[in-house]
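Going by my numbering, the sequence shown opens with residue 11, and the numbers climb by one from there. In this text, a Cβ means the ideal position worked out from N, Cα and C, and glycines have one as well. Small disclaimer: the values here were computed from a predicted structure and weren't measured.
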Amino acid sequence: MSERAAPFHCPYCGEEDLRPHEAGHGAWECASCNRAFQLKFLGLLTRGLKRDAVEGDGA
Numbered sequence: 011m012s013e014r015a016a017p018f019h020c021p022y023c024g025e026e027d028l029r030p031h032e033a034g035h036g037a038w039e040c041a042s043c044n045r046a047f048q049l050k051f052l053g054l055l056t057r058g059l060k061r062d063a064v065e066g067d068g069a
C-alpha cells in the first residue's frame, strides 16, 4: 500500500472538517477550530507487544 492514512478527526476539537495543509506532507488544517497540525510516525517501540495474561498461561 503506497498511500498514507488520513486522520479522521481533529485532535483538538474532534470535528471531521479536515483538509491537507500547505506546509507539506503530514500537515492538516481543521476548518472548525482553525488549527493546523502535523502527523508523524516516530517508529516502533523496543519493548514490543505484551501478551494477554490469560493467553498461554495454562491456568
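For residue i, is the classification buried or exposed, using 16 other Cβ atoms within 10 angstroms of its Cβ as the cut-off for buried?
| i | result |
| --- | --- |
| Cys23 | exposed |
| Cys40 | buried |
| Cys20 | buried |
| Ser12 | Legend: pLDDT at Ser12 = 47, less than 50; position of this residue unreliable, no value from coordinates given. |
For residue i, which residues does DSSP report across the bridge?
| i | result |
| --- | --- |
| Cys40 | Leu28 and Arg45 |
Roughly how many angstroms separate the alpha carbons of residue i and residue j, rounded to a whole number?
| i | j | result |
| --- | --- | --- |
| Glu32 | Ala46 | 10 angstroms |
| Gly34 | Lys60 | 35 angstroms |
| Glu26 | Phe18 | 6 angstroms |
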